[in-house]
Amino acid sequence: MNVVYDAAQFVDGSDANYTFINYKPGEARDHPVLAAGNVSAPGAVVPRRFLAVLAREDHRFTRGSGRLDLAERIFSDAAPLASRVIVNRVWAWHFGKPLVATPSDFGTQGEKPTHPELLDDLAARFVRNGWSLKWLHREIMLSEAYRRSSRPRKDALAADAANSLLWRMNPRRLDIESYRDTLLRVSGRLNPELYGPSEDADSETSVRRTVYARASRSRPAKLPQLYDFPDATQTSPGRDLTTSALQSLFVLNSSFMKLAAEGVARQPAGADGDAARVRELFRRILARDPTAKELDSALSYLARGSLESYARILLSCNEVIFWP
Amino acid sequence: MTPHLSRRTLLTRMGGGLGAAALTDLLTRNANAAVRGFYNGPKLPARAKHVIMLFLAGGPSHVDMFDPKPALEKYKGQRPGSVDLRTERETGGLLPSPFQFNKYGRNGVDVSELLPKLASVIDDVCVIRSMYTFNPTHTPARSLYHTGSILATRPSTGAWMSYGLGTDNDNLPAFVVLTPGGGGSGGSLSRSGFLPAEHQGISFNCSEAEPEKMIPDLRNRWSSAETQRADLDAIQQLNHAFGEQFGPDDYLEGRINLDQAVETSAGGGRWPTLAE
Chain A
1 MNVVYDAAQF VDGSDANYTF INYKPGEARD HPVLAAGNVS APGAVVPRRF LAVLAREDHR
61 FTRGSGRLDL AERIFSDAAP LASRVIVNRV WAWHFGKPLV ATPSDFGTQG EKPTHPELLD
121 DLAARFVRNG WSLKWLHREI MLSEAYRRSS RPRKDALAAD AANSLLWRMN PRRLDIESYR
181 DTLLRVSGRL NPELYGPSED ADSETSVRRT VYARASRSRP AKLPQLYDFP DATQTSPGRD
241 LTTSALQSLF VLNSSFMKLA AEGVARQPAG ADGDAARVRE LFRRILARDP TAKELDSALS
301 YLARGSLESY ARILLSCNEV IFWP
Chain B
1001 MTPHLSRRTL LTRMGGGLGA AALTDLLTRN ANAAVRGFYN GPKLPARAKH VIMLFLAGGP
1061 SHVDMFDPKP ALEKYKGQRP GSVDLRTERE TGGLLPSPFQ FNKYGRNGVD VSELLPKLAS
1121 VIDDVCVIRS MYTFNPTHTP ARSLYHTGSI LATRPSTGAW MSYGLGTDND NLPAFVVLTP
1181 GGGGSGGSLS RSGFLPAEHQ GISFNCSEAE PEKMIPDLRN RWSSAETQRA DLDAIQQLNH
1241 AFGEQFGPDD YLEGRINLDQ AVETSAGGGR WPTLAE
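Residue numbers (this note's numbering), protein chains in the order written: chain A, 1 to 324; chain B, 1001 to 1276.
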């Protein structure tokens, strides 16, 4: 089934007091200029064609609405721009920081690249390799820069605190999808089933992966928003990360975290005894064993507090959301 | 990553604004606070203590309150060619305001009969009548008002205030946006845009007056204050150990400080209500 089809847009003039817009499938037309958007006074007709600023010559669109012509021009005339745009985005997904800080604006109002030669080189070789994203991922992930540790070094911090020279991997944090999925997974509550309709991620009964969270324009889900999910009424090139007091309130006080802790505490331990249980909690939540000191502190906590409270403590830790 | 900010530098940067001294103290106390961007231009005489902006979407027209249009009376009922647009719904001709205007105060500001009390203090009010919009659609027009652009990417008024004047709190958002029903103008009201994220505002649904209802998860409903204290100590202990092992990091330290701030304010004391 085609979800996208070619259609031409017309104003139905049958009612003098009401503007109906008609889409006629299978038709194509060149639109007139509508000064100030006034559909009652159409101006000169402009033939549909590729953007003049990117076009090598005047390419009129001839096939249907011109969707196919447009796609072809993006990969030919506009290839220098289009390849840099996607390379910049893939780079940002791997490094947590783009080379051009405005991924949706490479124009005069956008930022200049921090590493122009790197962007040019990657984009050129990306095109030479047949626009293969698989090649691009491999090229980036096999680079020395990508494989560096994120550990801070005193001398390097003093010289380049913003890491603009990529002397280390940028420390990252889990996005809300990975974070919420992690919390559901470790508590044994996650429903990993694929496909189906979206659901309200704020509901206590919602335990599917966060990718199924409903993104409603009029009623945005609160939890994803709390962790920088962008405004769904606008296009967004990425997320602006914030660290807010409301996030702390969620972690320390929310019923979601309470349910997660209950879930973790309910999971069976491999052996009897508090020490075995603590070890099980550490493995489940932090994927490692406790140090001797951590085990001691946990045992003295458990002398007075519950296993569930201790699970909540571990779930609240920086180590859960931080991605070194 | 201690920001190297002398007291003098900071005060200069802040233009000696009211929040400056307090902010300097906070930064000295909390050396890890991210100070990436504040206004760094010529000094401004900042006398304002607070900026409160009321944006009354759906309020009465300026034409009925402060902006008499005598020409509307003259061309009443007509549809001149320049306004004879095809509209979404049926529309009539030009409509003059049905309300009487008079001039008030020493400057003779026009105010309609709808606002007699405001008219009596009009000398304390600044009325701006020179603004216009070029986009009649709600969302872009709101964005234009709040950010100066119909594209929802630029910083909001509040973010500019925070950038230019600073703030004297270290654990609350730069500014807050109260939106009845939680809706409103989406992110346009609170967005920091290309300004650093510390100038981001936070939206609260002010249909609720009680802080517990306005701010999600304000209180811990499961543990006593003593248990919360003990739990937070245990969290901090683990976080400090992790931080020591990893090394200095803004995000890790910011999260530790916020937990602390949240616990101190929510655990012990009482939050003020909106009315207060």
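Backbone N, C-alpha and C define an ideal beta-carbon position, used for all residues, glycine too.
| Item | Value |
| --- | --- |
| Meets three-Cβ-pair contact criterion under 8 Å: the stretch 97 to 111 of chain A and the stretch 233 to 241 of chain A | yes |
| Partners in chain A for B/Asp1217, counting only beta-carbon separations shorter than 7 Å | Leu249, Phe250, Asn253, Ser254 |
| Euclidean distance between Cα positions of B/Met1065 and B/Glu1113 | 8 Å |
| Beta-carbon proximity of B/Ala1174 to B/His1199, cut-off 9 Å | yes |
| Inter-residue spacing [alpha-carbon to alpha-carbon] between B/Ala1031 and B/Gly1254 | Its pLDDT being 34, under 50, B/Ala1031 is placed unreliably by the model, and nothing is read from it. |
| Three-way DSSP call (helix, strand, coil) for B/Lys1117 in this model | helix |
| Cα-Cα separation, A/Ala79 to A/Asn129 | 13 Å |
| Minimum length 4: unbroken alpha helix (DSSP H) runs contained in the stretch 171 to 220 of chain A | 176 to 186 |
| B/Trp1222 in three-state terms, based on DSSP | coil |
| For B/Phe1204, the residue or residues it bridges with in DSSP | B/Leu1178 |
| 6 Å Cβ shell around A/Ala215 - same chain, five flanking residues per side excluded | Ala232 |
| CB contact below 9 Å: B/Trp1222 versus chain A | yes |
| CB contact below 9 Å: B/Pro1180 versus chain A | no |
| Residue-level contact to chain B via CB, A/Gly305, 9 Å cutoff | yes |
| One or two residues paired with A/Tyr301 in a DSSP bridge | Per DSSP, none; premise fails for A/Tyr301. |
| Whole-number beta carbon distance between B/Phe1246 and A/Pro324, since they are thought to touch under 8 Å | 6 Å |
| At least 3 beta-carbon pairs within less than 8 Å: the stretch 6 to 14 of chain A vs the stretch 46 to 57 of chain A | no |
| A/Phe256 vs A/Leu281 beta-carbon contact at 9 Å | no |
| Short CB-CB distance (under 9 Å) between B/Asn1102 and chain A | no |
| B/Pro1155 burial status per 10 Å Cβ neighbour count (16 or more: buried) | buried |
| Residue of A/Arg73, A/Glu262, A/Ala156, A/Tyr301 minimising C-alpha distance to A/Ala275 | A/Tyr301 |
| Neighbouring residues, chain B, relative to A/Tyr301 (Cβ below 7 Å) | Ala1234 |
| Where B/Asp1230 meets chain A, residues with beta-carbon distance less than 9 Å | Note that residue 1230 of chain B is Ala in the sequence shown, not Asp. Those are Tyr301, Arg304, Gly305, Ser309, listed as they occur along chain A. |
| Any chain A beta carbon closer than 9 Å to B/Asn1279 | Because residue 1279 of chain B is not part of the residues shown, which for chain B are 1001 to 1276, the question remains open. |
| Short-range partners of chain A found in the stretch 1126 to 1144 of chain B, where Cβ spacing is below 8 Å | Thr1139 |
| Cα-Cα separation, B/Asp1025 to A/Arg284 | With a pLDDT of only 35 at B/Asp1025, under the threshold of 50, the placement of this residue in the model should not be trusted, and no figure is reported. |
| Three or more C-beta pairs below 8 Å linking the stretch 287 to 302 of chain A and the stretch 1207 to 1216 of chain B | no |
| Per DSSP, cross-strand counterpart(s) of A/Tyr23 | A/Gln9 |
| Contiguous alpha helix (DSSP H) assignments of at least 4 residues, all confined to the stretch 230 to 299 of chain A | 245 to 253, 255 to 266, 274 to 286 |
| For A/Gly37, the three-state DSSP class (helix, strand or coil) | helix |
| Spatial distance of A/Arg147 from A/Val207 (CA atoms) | 34 Å |
| Other residues of its chain near B/Ser1190: CB distance less than 7 Å, five sequence neighbours each side excluded | Ser1156, Gly1158, Val1177, Gln1200, Gly1201, Ile1202, Ser1203 |
| Cutoff 9 Å: A/Phe10 Cβ touching any chain C Cβ | The structure shown contains no chain C; the protein chains it does contain are A and B. |
| Chain A contact for B/Tyr1251 (CB, 9 Å cutoff) | yes |
| C-beta neighbour in chain B for A/Phe95, strict 9 Å | no |
| Proximity test, Cβ basis, 9 Å: B/Ser1192 and chain A | yes |
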